[in-house]
Every structure is written in C-alpha cells, then in structure tokens.
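The numbers in numbering that gives the first Met the number 0 rise by one with no breaks, and the one at position 483 of the sequence shown is 482.
Even glycine gets a Cβ: it sits at the ideal position worked out from N, Cα and C.
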Amino acid sequence: MIWCLKCDEMAEIRVKKVEQGQTKIRNVPIAVTPEGFWCCPSPVMFQKTLKSQHPLNKPRSSSTPSDHKKHSQELEKKSSRASSKSETVVTEPPVLGAAIVAERTAARQPNTENLPRKVSIEFGEPGTGDLKVVLFGKQGFIVKLSVHKGVVEENSLFFAQKLSAQHPSFHCIEIDDCEDVETYVETVGLMYCKDLKQRLIKQSVSRVLRILKVAEHLGFKTCMESCLDFLEAVPWVGEEEEERVVSSVLRLQTEGIGVSPILKRVASDVSKPANDTLSHVLQLVLKSTEEKGRQEMKSIVLKLLRENNKSNPNSTSLTSVDLCNDTIYASCTTCLSLLLTSFRQVAQPDFTEKPTEVKDPLVKQMVIEADNLSWLLDILADRHTADEYAVMWASQQELAGLHPRVPMVYRHHISCISARLFVGIGRGEILSSKDTRHLLLKTWLQPLIDDYSWLQHGCKSFDRKVVEEGIGRTILTLPLEEQQIVMLGWLSSFLKVGDNCPNLQKAFEVWWRRTFIRPYMEQSNSQPLD
Numbered sequence: 000m001i002w003c004l005k006c007d008e009m010a011e012i013r014v015k016k017v018e019q020g021q022t023k024i025r026n027v028p029i030a031v032t033p034e035g036f037w038c039c040p041s042p043v044m045f046q047k048t049l050k051s052q053h054p055l056n057k058p059r060s061s062s063t064p065s066d067h068k069k070h071s072q073e074l075e076k077k078s079s080r081a082s083s084k085s086e087t088v089v090t091e092p093p094v095l096g097a098a099i100v101a102e103r104t105a106a107r108q109p110n111t112e113n114l115p116r117k118v119s120i121e122f123g124e125p126g127t128g129d130l131k132v133v134l135f136g137k138q139g140f141i142v143k144l145s146v147h148k149g150v151v152e153e154n155s156l157f158f159a160q161k162l163s164a165q166h167p168s169f170h171c172i173e174i175d176d177c178e179d180v181e182t183y184v185e186t187v188g189l190m191y192c193k194d195l196k197q198r199l200i201k202q203s204v205s206r207v208l209r210i211l212k213v214a215e216h217l218g219f220k221t222c223m224e225s226c227l228d229f230l231e232a233v234p235w236v237g238e239e240e241e242e243r244v245v246s247s248v249l250r251l252q253t254e255g256i257g258v259s260p261i262l263k264r265v266a267s268d269v270s271k272p273a274n275d276t277l278s279h280v281l282q283l284v285l286k287s288t289e290e291k292g293r294q295e296m297k298s299i300v301l302k303l304l305r306e307n308n309k310s311n312p313n314s315t316s317l318t319s320v321d322l323c324n325d326t327i328y329a330s331c332t333t334c335l336s337l338l339l340t341s342f343r344q345v346a347q348p349d350f351t352e353k354p355t356e357v358k359d360p361l362v363k364q365m366v367i368e369a370d371n372l373s374w375l376l377d378i379l380a381d382r383h384t385a386d387e388y389a390v391m392w393a394s395q396q397e398l399a400g401l402h403p404r405v406p407m408v409y410r411h412h413i414s415c416i417s418a419r420l421f422v423g424i425g426r427g428e429i430l431s432s433k434d435t436r437h438l439l440l441k442t443w444l445q446p447l448i449d450d451y452s453w454l455q456h457g458c459k460s461f462d463r464k465v466v467e468e469g470i471g472r473t474i475l476t477l478p479l480e481e482q483q484i485v486m487l488g489w490l491s492s493f494l495k496v497g498d499n500c501p502n503l504q505k506a507f508e509v510w511w512r513r514t515f516i517r518p519y520m521e522q523s524n525s526q527p528l529d
C-alpha cells in the first residue's frame with residue numbers, strides 16, 4: 000500500500016509473476032509519466048501491454064549490456080517453461096497509480112498474435128471492488144475493471160441504469176465494441192478523484208475531448224462540466240482543433256449543460272450586423288497612413304474574403320454578395336470623392352510653387368486614395384460584383400480631364416485602376432454593358448496610353464502582356480463600327496510613340512479580318528459556282 004500524492008488516496012500496484020510454479024506479488028512505487036493520468040492507466044500502458052515480452056519494451060536502467068543480455072535469456076527461459084506448463088506469463092506494465100494486473104494467455108498455437116490480450120485493473124482498496132466491468136476493445140483486447148457499485152452508480156447515469164435493471168446480486172457488466180478502451184478506463188478512474196478540474200490541468204485538448212466523449216456516454220455529468228471548464232479556459236491551436244471542440248460542444252447542447260461560454264468564443268450574442276464590423280475594418284485600413292502595415296492588412300483582408308468566397312459561394316454570412324456590397328461601394332464613393340478633391344488641387348497651375356509642407360500631404364492623400372480604389376476593385380472583382388464600379392469609373396470625365404495636368408509620377412496610379420478594369424472585362428470577371436465598355440475606352444484609354452511608359456518602368460506590379468490582352472479583348476467586345484474608331488485611334492498613338500504605347504497588334508488583326516476578310520468570304524460563298 001502506497002500513498003498517492005496526486006490523488007491524496009491510498010493506492011497499490013500489484014504485479015503478478017509466475018516463477019517456478021509460484022506466484023509472487025510485489026509493490027511498485029507510484030509515478031506519473033507525461034502520458035500518465037494519476038491513479039488510472041495511460042494509453043502508453045495499453046500499447047506496451049500488447050507487445051511481446053522483449054527486453055526492449057522494458058524501461059531503461061543503469062545496468063550494463065551484459066546484464067540486459069542475461070535478463071533477456073532469463074525471460075526467454077521463463078516464457079518457455081510457462082508455455083510448456085500452460086501457465087500465465089505477465090508483462091509488467093508501466094508504473095502508474097492504479098492496482099494493475101497485466102495478463103497474457105500462454106500460446107497454445109505457433110501464432111500467438113491473434114490471441115486475446117487481457118488487462119485487469121482494480122480501483123480503490125485492493126479486494127474491495129464489488130462490480131466487474133469488462134471492456135471488449137479492438138483486436139481481441141479485453142480490459143477487466145474491478146470497481147465499486149456505490150462509486151460508479153453515484154457518478155454515472157449509464158451504470159445506474161444498468162444496475163437498477165439487474166438483480167441486486169448482479170456483479171458484472173460487459174461493454175462490447177469499445178472504441179477507446181484507454182480513455183474509457185481513464186474516465187472511470189476519474190470517478191475516484193476529488194478535484195477533477197485539477198486533474199485536467201496541462202492535458203492536451205484532444206485528450207480532454209476524448210474524455211468528454213466517454214463521459215457523455217457514461218452520463219458522468221461532473222466530468223463533463225470539468226472538461227467544458229477546461230476547454231473554455233485553454234487556447235485552441237489551429238482550425239482543425241477548433242472545429243473538433245465546437246462540434247463536440249454543440250453535441251452537448253441537448254444535455255442541459257451550459258456550453259454557451261465556449262461557443263461565445265466563436266459566435267457573438269450581439270445582434271449587430273456583420274457588415275458594420277466589415278465597414279469598420281475597411282475604414283481602418285483605408286484611412287491608415289502607415290504604408291507597410293496598410294499594405295499587409297490589405298493583403299490579409301483580401302485573402303480572407305477570397306478564401307471565404309471559395310469555401311462558401313452560396314453562404315449568407317459576411318462574404319455573401321447582398322450583405323457587404325453596399326458597404327464596399329460606400330467606401331468606393333468616399334475614396335473617389337477624396338481622390339477628385341486632391342486631383343483638383345494638384346492640377347492647379349500654381350501647385351508646384353506651393354511649399355513642400357502643403358504639397359506633400361495632398362500628393363500622399365491622392366496616392367493613398369488611388370491605391371484604396373484599386374484594392375476595393377480587387378475585392379469586387381473577386382466577388383464578380385464590379386459591374387457598378389466600371390459604370391462609376393467610366394463616368395469620371397472630370398477626373399480624366401484633370402489627368403494631363405498632374406505630373407505622371409503621381410497620376411499613373413489612376414491608370415492602374417483603368418488597366419485593372421480592362422483586364423477584368425477581358426477575362427469575363429466584369430460583365431458591363433456595351434455602353435459602359437465603350438465609355439470606359441473613350442474616357443480612359445488615352446490617359447492609360449499617356450502613362451504607359453511610366454507604368455512599364457516605374458510600377459513593379461504592372462504586367463504588360465496581361466494588360467494589353469485585356470485592352471484588346473475589351474475593344475473586340477464592341478460593335479464593329481466602334482471597334483474601328485478605337486483601333487484607328489490606337490494606331491495613331493502607336494505609330495507616334497511605338498513601344499511606349501500598348502501593343503494591340505493581335506486585337507488589330509482580329510478587327511482587320513472581321514472588317515475586310517469575312518464580308519468578302521460571305522459574299523463569295525453566296526455567288527453560284529461557274
């Protein structure tokens with residue numbers, strides 16, 4: 000008998016060995032391993048019990064290699080003697096604080112791997128248990144628990160119902176197809192502990208979830224409440240672990256146990272619309288003047304919205320179209336108004352003569368708002384809701400008129416927005432009307448051509464091939480007469496500035512065939528053969 004400091008209770012470990020026809024019982028000191036669970040066995044014990052009686056399965060000691068060799072030979076001799084006499088050979092389990100007797104039936108056939116493995120566990124004072132619980136696990140693994148009716152009946156609705164339905168002299172309960180024998184034994188052992196919450200400290204979330212599942216099956220309400228208190232207090236690592244916790248907790252809502260503190264971590268009781276939160280996030284990012292932090296948060300928000308769109312295309316949550324489009328377009332209107340105000344001031348003839356402390360804030364504001372509009376356009380394009388944005392941008396004749404009066408080093412950010420719209424239309428991401436597409440080309444193609452040399456050499460994110468393909472495809476979506484007007488205008492610019500103009504030769508060839516070759520082919524096909 001040894002006093003367990005962890006449980007403040009008496010506990011004894013008895014290991015039965017067969018040596019020369021005599022049974023010896025000796026006490027082993029109690030210890031708690033990292034996998035240990037105080038006065039009940041751990042998964043490590045079960046795994047080691049399943050292994051053969053090989054010296055490598057034993058805990059390492061300070062003995063020499065020769066001692067190990069002698070010990071191994073002795074074990075083999077004992078095993079062979081036990082096999083010949085059909086007696087029980089016991090593998091000593093890891094040191095833990097329950098009364099454990101590990102048994103293995105001697106092999107009667109050459110193949111012993113398919114024989115059942117048995118482990119007997121005794122809780123409380125040795126020899127005082129008045130109820131046997133037999134667990135049938137996987138691969139013939141059998142665990143026999145010696146427990147006390149009063150303890151299990153008081154703590155478990157499952158055992159209470161089983162015992163009430165049987166004769167008073169009933170002393171054995173069998174549980175078939177036990178999926179998690181190790182956790183089952185741990186949970187039964189917790190019925191003998193006084194402070195369950197203290198026993199769960201420093202355990203992993205996955206392990207407590209397994210205990211919670213068994214406690215739910217047993218109707219062990221006190222253990223369930225302690226597990227929930229633990230899960231509410233500890234951090235969850237990763238999305239997978241969070242999903243396991245939430246799914247386990249949601250399953251308990253019908254049990255009448257308070258689970259709302261845990262669910263509050265992932266859901267809010269406040270009825271505040273989600274688009275208000277989104278609007279607040281957008282405003283914080285849009286108004287930031289710290290360039291590095293602003294760019295990082297723009298990338299993060301765009302990535303998260305994009306991921307949610309892909310995983311929940313039909314969801315009515317934050318990323319649904321109807322919920323936050325108005326919020327995003329309201330931000331677009333605000334940014335566009337600020338951009339136009341800055342452009343008006345920078346385009347003034349005497350702007351270059353103003354002091355630096357006056358010019359720099361205006362230029363910085365103009366660049367920030369143009370960058371904000373590009374970011375919002377990326378969000379809308381990913382959600383396939385940028386049609387209204389194209390209408391809004393195509394109607395900015397005043398901004399386009401001020402464009403030539405602003406230095407190229409500042410105004411090229413505006414042309415990036417136009418280029419992004421042409422790419423979106425060319426890829427089919429933005430389905431604008433014919434009038435919108437024609438007005439967009441009429442208003443913004445020439446400013447884009449004027450800034451093209453700077454975009455190629457001064458803008459790292461500019462992809463010339465992608466932009467040229469987008470412009471050409473946008474032009475080819477117009478009626479043939481309008482294609483001709485745009486193409487002739489482009490040709491005039493291209494012949495003047497050459498490489499500093501978008502190369503639309505592929506689109507030009509398509510327009511040429513549509514204009515000169517196909518009508519001739521249709522006319523020739525309609526004439527009768529000679």
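Review point. Got a sec? Which residues, its chain only, sit under 8 Å from Ala506 by beta carbon, not counting five neighbours each side?
Key: Excluding sequence positions up to five before and after Ala506, its CB lies within less than 8 Å of the CB of Ile470, Gly471, Arg472, Ile474, Leu475, Met486, all in the same chain and listed in chain order.
Check your understanding: With C-beta atoms as the reference, is Gly218 less than 9 Å away from Ala159?
Key -> Yes; because the gap between Cβ atoms is below 9 Å, this pair is in contact.
Check your understanding: Can the beta-carbon of Glu468 be found closer than 9 Å to that of Gly423?
Key -> Not in contact: Glu468 and Gly423 (Cβ atoms no closer than 9 Å).
**Study point:** Sufficient close CB pairs (3 or more, under 8 Å) joining the stretch 328-342 to the stretch 295-302
**Key:** Result no; under three Cβ-Cβ pairs closer than 8 Å.
Check your understanding: Considering only the beta carbon of each residue, do Trp453 and His411 sit closer than 9 Å?
Key -> Remark: C-beta atoms of Trp453 and His411 approach each other more closely than 9 Å.
Practice item. Decide if Arg293 is buried, meaning its Cβ has at least 16 other Cβ atoms within 10 Å, or exposed. Key: By the 10 Å Cβ count, Arg293 comes out buried.
Practice item. Classify Glu428 as helix, strand or coil using the three-state DSSP reduction. Key: Note: Glu428 maps to coil in three-state DSSP.
**Study point:** Own chain partners of Tyr388 with C-beta closer than 7 Å, once the 5 adjacent residues on each side are dropped
**Key:** Only Cys331, Leu376, Leu379 meet the Cβ criterion.
Review point. Mapping DSSP to helix, strand and coil, what is Cys171?
Key: When DSSP states are grouped into helix, strand and coil, Cys171 belongs to the strand group.
Point to revise | Cβ pair His402, Phe461 closer than 9 Å | key: No, Cβ-Cβ distance for His402 and Phe461 is not below 9 Å.
Check your understanding: What is the rounded straight-line gap between the Cα of Asp176 and the Cα of Lys212?
Key -> Asp176 and Lys212: Cα-Cα distance of roughly 15 Å.
Point to revise | Beta-carbon proximity list for Arg404, same chain, < 6 Å, skipping 5 on both sides | key: These residues qualify, in order along the chain: Ala346.
Point to revise | Cα-Cα separation, Leu447 to Asp386 | key: If I take the Cα positions, the gap works out to 20 Å.
Exercise for review: Would you check if the distance between the CB atom of Trp511 and the CB atom of Cys500 is smaller than 9 Å?
Suggested key: Taking 9 Å as the Cβ cut-off, Trp511 and Cys500 do not qualify as a contacting pair.
Check your understanding: Around the Cβ of Thr315, are there at least 16 other Cβ atoms within 10 angstroms (buried) or fewer (exposed)?
Key -> In this prediction, Thr315 scores a pLDDT of 48, lower than 50, which makes its location untrustworthy; the coordinate-derived value is nonetheless stated afterwards. Classification for Thr315: exposed.
Exercise for review: Compare the C-alpha of Leu285 against each of Leu338, Leu262, Arg250, Ser267 and name the closest.
Suggested key: The residue with the shortest Cα to Cα distance from Leu285 is Leu338.
Check your understanding: In this structure, does DSSP put His70 in helix, strand or coil?
Key -> Bear in mind that a pLDDT of 47 at His70, under 50, signals an unreliable position, so the model cannot answer this.
Point to revise | Contact set for Leu130: own chain, Cβ-Cβ below 6 Å, skip 5 residues either direction | key: Cβ neighbours of Leu130 beyond the five flanking positions: Val146, Lys148, His170.
Exercise for review: Please work out which residues of its chain come closer than 8 Å, Cβ to Cβ, to Val244, disregarding the five sequence neighbours upstream and downstream, and give them in chain order.
Suggested key: Residues Val204, Leu208, Leu230, Trp235, Ile261 of the same chain have their beta carbon placed closer than 8 Å to that of Val244, with the five preceding and five following residues left out of the count.
Practice item. Express the C-alpha separation of Thr221 and Thr384 in angstroms, rounding to a whole number. Key: Taking the straight line from one Cα to the other gives about 52 Å.
Point to revise | First through last residue of the alpha helix (DSSP H) which encompasses Leu487 | key: For Leu487, the uninterrupted alpha helix (DSSP H) run begins and ends at 479-496, by DSSP.
Check your understanding: Are the beta-carbon atoms of Ile200 and Val132 separated by less than 9 Å?
Key -> For Ile200 and Val132, no; Cβs fall outside 9 Å.
Practice item. Counting only the same chain and skipping the five closest in sequence on each side, list residues whose C-beta sits under 8 Å from that of Arg513. Key: For Arg513, where only same-chain residues beyond five positions count, the Cβ hits under 8 Å are Leu479, Gln482.
Review point. Grouping DSSP H, G and I as helix and E and B as strand, with all else coil, what is Leu339?
Key: Residue state, collapsed to three classes: helix.
**Study point:** Leu144 vs Leu156 beta-carbon contact at 9 Å
**Key:** Not a contact, by the Cβ cut-off of 9 Å.
Practice item. Look at the Cβ atom of Arg382, then the Cβ atom of Leu303, and state whether they are nearer than 9 Å. Key: No, they are not a contact pair.
Exercise for review: Could you have a look at Ser119 and say whether DSSP puts it in helix, strand or coil?
Suggested key: If DSSP states are grouped into helix, strand and coil, Ser119 belongs with the strands.
Review point. Alpha carbon to alpha carbon, what distance is there between Gln344 and Gln504?
Key: About 38 Å.
Exercise for review: May I have the straight-line CA-CA distance separating Ile141 from Asn307, to the nearest angstrom?
Suggested key: Between Ile141 and Asn307, the C-alpha separation is close to 47 Å.
Practice item. Using alpha carbons as the reference points, say which of Ser431, His456, Cys226 lies closest to Arg206. Key: Of Ser431, His456, Cys226, the residue nearest in Cα terms is Cys226.
Check your understanding: Can you tell me the Cα-Cα spacing of Gly128 and Glu240, whole angstroms?
Key -> Spanning the two alpha carbons is a distance of roughly 38 Å.
Check your understanding: DSSP beta-bridge partners for Lys131?
Key -> Note: Lys131 sits in a beta bridge opposite Ser145, Cys171.
Exercise for review: Would you kindly work out how many angstroms separate the C-alpha atoms of Gly96 and Gly123, rounded to a whole number?
Suggested key: Because Gly96 carries a pLDDT of 35, less than 50, the predicted location of this residue cannot be relied on, and the following value inherits that uncertainty. Their backbone Cα atoms lie some 10 Å apart in a straight line.
**Study point:** Other residues of its chain near Ala399: CB distance less than 8 Å, five sequence neighbours each side excluded
**Key:** Within the same chain, Ala399 has close Cβ partners Thr442, Trp443, Pro446.
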